[in-house]
Amino acid sequence: MKTRNYIAIDLGATSGRVILATCDGKKLGMEEIHRFPTPLINVAGRYHWNIYSLYEDIVKGLTIVGRRGVKVESIGVDTWGVDFVCVAQDGTLCSLPRSYRDPYTTGIPEAFFEKMPREQLYGKTGIQIMNINSVFQLYAQRREKSSALAHAKKILFMPDAISYMLSGKAVCEYTILSTSALMDPVKKEIDSDILDVCGVRKSLFPSIVRPGKKIGRLNGTLAQSTGLGPVSIVAVAGHDTASAVAAVPAADEKFAYLSSGTWSLMGIETGEPIINGEMFRENFTNEGGVGGTARVLKNITGMWLLEQCLNKWRTEGRDYGYAEINEMAVACPRCTGFINPDDPSFAAPQDMPAAIRKYCRTHSIDVPADDAHMVRLIYDSLAAKYAEVLGFLRRIAPFSIDVLHIIGGGSRNALLNQLTADACGITVVAGPAEGTALGNVMVQAGLTRDFLAESIETKTYRPKN
Numbered sequence: 003m004k005t006r007n008y009i010a011i012d013l014g015a016t017s018g019r020v021i022l023a024t025c026d027g028k029k030l031g032m033e034e035i036h037r038f039p040t041p042l043i044n045v046a047g048r049y050h051w052n053i054y055s056l057y058e059d060i061v062k063g064l065t066i067v068g069r070r071g072v073k074v075e076s077i078g079v080d081t082w083g084v085d086f087v088c089v090a091q092d093g094t095l096c097s098l099p100r101s102y103r104d105p106y107t108t109g110i111p112e113a114f115f116e117k118m119p120r121e122q123l124y125g126k127t128g129i130q131i132m133n134i135n136s137v138f139q140l141y142a143q144r145r146e147k148s149s150a151l152a153h154a155k156k157i158l159f160m161p162d163a164i165s166y167m168l169s170g171k172a173v174c175e176y177t178i179l180s181t182s183a184l185m186d187p188v189k190k191e192i193d194s195d196i197l198d199v200c201g202v203r204k205s206l207f208p209s210i211v212r213p214g215k216k217i218g219r220l221n222g223t224l225a226q227s228t229g230l231g232p233v234s235i236v237a238v239a240g241h242d243t244a245s246a247v248a249a250v251p252a253a254d255e256k257f258a259y260l261s262s263g264t265w266s267l268m269g270i271e272t273g274e275p276i277i278n279g280e281m282f283r284e285n286f287t288n289e290g291g292v293g294g295t296a297r298v299l300k301n302i303t304g305m306w307l308l309e310q311c312l313n314k315w316r317t318e319g320r321d322y323g324y325a326e327i328n329e330m331a332v333a334c335p336r337c338t339g340f341i342n343p344d345d346p347s348f349a350a351p352q353d354m355p356a357a358i359r360k361y362c363r364t365h366s367i368d369v370p371a372d373d374a375h376m377v378r379l380i381y382d383s384l385a386a387k388y389a390e391v392l393g394f395l396r397r398i399a400p401f402s403i404d405v406l407h408i409i410g411g412g413s414r415n416a417l418l419n420q421l422t423a424d425a426c427g428i429t430v431v432a433g434p435a436e437g438t439a440l441g442n443v444m445v446q447a448g449l450t451r452d453f454l455a456e457s458i459e460t461k462t463y464r465p466k467n
C-alpha cells in the first residue's frame with residue numbers, strides 16, 4: 003500500500019495539537035507538529051474560547067506541514083463537546099463562543115424544567131443532565147438576550163466551526179450533535195420540541211453528517227498560504243471522546259472504556275441507546291459513536307482536579323512534574339475517605355486545593371496534610387469513582403465486561419492505572435495515549451480497530467488485591 007498522510011486537528015479543553023499521521027498499510031505513525039494552549043478568556047465577567055487564537059495556531063501547524071512539501075490526503079477536526087459558535091448572515095462569527103466553564107448556566111436547568119420536565123428531556127435525548135449541556139446554554143443565551151444568538155444565521159458546534167473556518171462549508175456532525183441534549187438518539191435528528199422551548203429555529207443548524215463524510219476543501223487562501231493545496235476537509239467523529247473510543251484496541255465488544263484526561267468519560271459501546279428510569283436516576287448519557295453506535299457513559303470530572311492543584315502550587319513556587327508527584331503519592335497510604343470529583347464546588351474554584359480541603363472538613367474526611375497527600379486523595383477518589391461507575395455498567399451492559407481500556411493522556415499515569423485496577427478489580431489495558439488523534443485519523447483513512455491493535459503498544463495492569 004502506498005504511504006498516505008493525514009492531519010488531525012485535536013482540540014482539548016486545556017491544549018490543542020496539529021498532528022501529522024503517516025500510514026504505510028502496516029503501521030500508523032503519529033508526529034505532533036504543533037501544540038498550543040486552548041485559551042479561555044474572561045471578557046466582562048463572561049468566559050469565552052478565543053477561537054481566533056485557536057485558528058492562528060491551527061494555521062501555523064498546517065503551514066509547518068506544508069513547508070515540508072508533504073502531500074496530505076485530508077484534514078479532520080475533533081474538539082470537546084457542547085460549546086457552539088453563532089455565525090452571521092455574511093458568514094462571519096457573531097462573537098467568541100461561550101465556554102461551558104462560564105457559570106451563566108447555573109440554575110438554568112431548573113428554569114428549563116418548568117417548561118419541559120427533566121424526565122421528558124432525558125427521555126427525548128438520553129443525555130446526562132449537566133448545567134453545561136448545549137440545550138441549557140441556548141436557553142441561557144436566549145434569556146439574557148444574547149445579540150450573537152439573535153443575529154445568528156447558523157449555529158455550529160466547535161469542531162464544525164473550525165472546519166467551517168478552514169473550508170467555508172457548514173455541517174452539523176453527528177457525534178458532536180449527540181452531546182448537546184438536542185438530538186433524538188434513536189431517530190438521530192434534532193428534536194423540534196426542545197428547540198421550541200429554547201426559542202431557537204431548527205433551520206439554524208446545518209445538515210447532519212456522519213463521520214467519514216467529506217465536507218469540502220481547504221479554502222483557496224489557506225491552500226496557498228499553508229502550501230498544502232486544496233486538501234479535503236473530512237468530518238471525523240467531531241466529539242473528542244467519540245474519536246478516542248473509536249481507537250480502543252479491543253478484541254471484542256466485552257469491554258468498558260475510560261477516556262482519561264481533563265474529563266474522565268467511562269462507558270460501554272452498544273448498538274442502541276439505553277434510555278430508561280434507572281439510567282435517568284443514575285444520570286448516564288447516550289452519545290453517538292462511529293458507525294452509528296451508542297456510547298453509553300458517565301461524565302466524571304477527571305484530571306481537572308490535579309491540573310488545577312498543580313497550577314495553584316506553581317504560583318506558590320512549587321512546580322511539580324508528573325513523575326515527581328506520583329513518587330510523592332505512592333509513598334502515602336491509601337485514603338480511607340474520598341471526595342466526590344463531581345461536586346459542584348470543584349467546577350471552577352479560584353483555589354482548587356482550598357476547595358478540596360473545605361470539602362474534606364465539611365464531609366468529615368481527613369484533610370490532606372501536604373501536597374503529596376492531596377495528590378493521593380485525588381487519585382484514590384478518582385479510582386473509587388471509576389469503581390462505582392463500572393459497577394453500574396456491569397449491571398446494565400448486554401454483555402460481560404472483561405477488561406477496562408484506558409485511553410487518552412491519563413493512560414500514561416501508571417500509578418493511577420494501577421489504583422484503578424485495584425479499586426475496580428478488573429484488568430486494565432492502558433493505551434493509546436493519543437487515542438483521540440488516532441480515532442480522528444482512523445476515520446479519515448478508513449482504518450479498523452484490528453489494524454490499530456497491530457500498530458500501537460499498550461500496557462496491562464492487573465488488580466493486586
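Sequential numbering from 3 applies to the sequence shown in this note's numbering. Glycine is no exception: its CB is placed at the ideal position from the N, C-alpha and C atoms.
* Closest by C-alpha distance to LEU22, when choosing among TYR8, GLY14, LYS28, THR16 -> TYR8
* Considering only residues of the region 20-56, which uninterrupted beta strand (DSSP E) runs meet the minimum length of 3 residues and lie entirely inside it, listed in chain order? -> 30-39, 42-45, 48-51
* Limits of the beta strand (DSSP E) - the one that LYS259 falls within -> Looking at the sequence itself, residue 259 is Tyr, so the reference to Lys does not match. Taken as a continuous stretch (DSSP letters only), the beta strand (DSSP E) holding TYR259 covers 257-262.
* To do: For PRO188, collect the residues of the same chain with a Cβ closer than 8 angstroms to its Cβ; drop the 5 residues on either side in sequence, then sort them by chain order.
  => The sequence as given places Val at residue 188; Pro does not occur at that position. Cβ within range, chain order: GLU274, PRO275.
* Asked: Does DSSP classify VAL137 as helix, strand or coil?
  -> helix
* **Paired residues, beta bridge with ARG6 - DSSP** => CYS25
* Kindly list the residues whose CB is nearer than 7 angstroms to the CB of PHE394, restricted to its own chain and excluding five residues on each side of it in sequence; keep chain order. => GLU284
* In angstroms with no decimal places, state the Cα-to-Cα distance between LEU449 and GLY441. => 9 angstroms
* To do: Mind the definition here: the region 156-168 touches the region 82-94 only if three or more C-beta pairs lie below 8 angstroms; say whether that holds.
  => yes
* Would you tell me roughly how many angstroms separate the C-alpha atoms of ALA432 and ILE408, rounded to the nearest one? => 5 angstroms
* In terms of residues, what are the limits of the beta strand (DSSP E) holding CYS426? -> Per DSSP, CYS426 belongs to no beta strand (DSSP E); it is in the alpha helix (DSSP H), 416-426.
* **Sequence-distant residues of its chain with Cβ nearer than 6 angstroms to LEU421 (five each side left out)** => TYR381, ALA385
* To do: Would you kindly work out how many angstroms separate the C-alpha atoms of PHE282 and ALA183, rounded to a whole number?
  => 13 angstroms
* When we look at the beta-carbon of TYR54 and count the other beta-carbons within 10 Å, is it buried (16 or more) or exposed? -> exposed
* **Alpha carbon of GLY294 to alpha carbon of ALA455, nearest angstrom** => 21 angstroms
* Cβ of ILE60 within 9 angstroms of Cβ of HIS50? -> no
* Asked: Would you call the CB atoms of GLY410 and ALA389 closer than 9 angstroms?
  -> no
* Alpha-carbon spacing of PRO370 relative to PRO346, whole angstroms -> 20 angstroms
* Do three or more CB pairs link the region 371-379 to the region 212-230 at distances below 8 angstroms? -> no
* Kindly indicate which residue of ILE277, GLY291, SER366 has the alpha-carbon position closest to the one of TYR124. => ILE277
* Asked: Are any of the Cβ atoms in chain B nearer than 9 angstroms to that of TYR57?
  -> Structure shown: chain B not included; a single protein chain is present.
* Between CYS25 and the rest of its own chain, which residues show a CB-CB distance below 6 angstroms, the 5 nearest in sequence each way excluded? -> ARG6, ALA447
* Asked: Just checking, does the region 202-219 make contact with the region 33-48 on the three C-beta pairs under 8 angstroms criterion?
  -> no
* Per-residue burial, ASN313 [other beta carbons within 10 Å of its own, 16 or more giving buried] -> exposed
* Asked: Shortest alpha-carbon distance to ALA239 belongs to which of ARG70, CYS426, GLY427, ILE77?
  -> ILE77
* Contact set for ALA142: own chain, Cβ-Cβ below 6 angstroms, skip 5 residues either direction -> TYR106, THR107, ILE110
* Asked: In chain order, what residues of the same chain have a beta carbon less than 6 angstroms from the beta carbon of LEU308, not counting five sequence neighbours either side?
  -> ILE380
* Asked: Does DSSP classify GLU280 as helix, strand or coil?
  -> helix
* What first and last residue would you give for the beta strand (DSSP E) that runs through ASP80? -> 76-80
* So ILE129 and THR287 are in contact, right, with Cβ under 8 angstroms, and what is the actual spacing, rounded? -> 5 angstroms
* In three-state DSSP terms, what is VAL238? -> coil
* Asked: In chain order, which alpha helix (DSSP H) runs of at least 4 residues are fully inside the region 109-180?
  -> 110-115, 120-127, 136-145, 149-152, 160-169, 176-179
* Asked: Which class does ASP182 belong to by DSSP, given the choice of helix, strand or coil?
  -> Here the sequence assigns Ser to residue 182, which means Asp is not the residue at that position. Three-state result, SER182: coil.
* To do: In angstroms with no decimal places, state the Cα-to-Cα distance between GLY291 and ASP80.
  => 13 angstroms
* Closest residue to LYS300 among LEU392, ALA150, SER169 (Cα-Cα distance) -> LEU392
* Identify the residues that DSSP records as bridge partners of TYR463: which are they? -> VAL430
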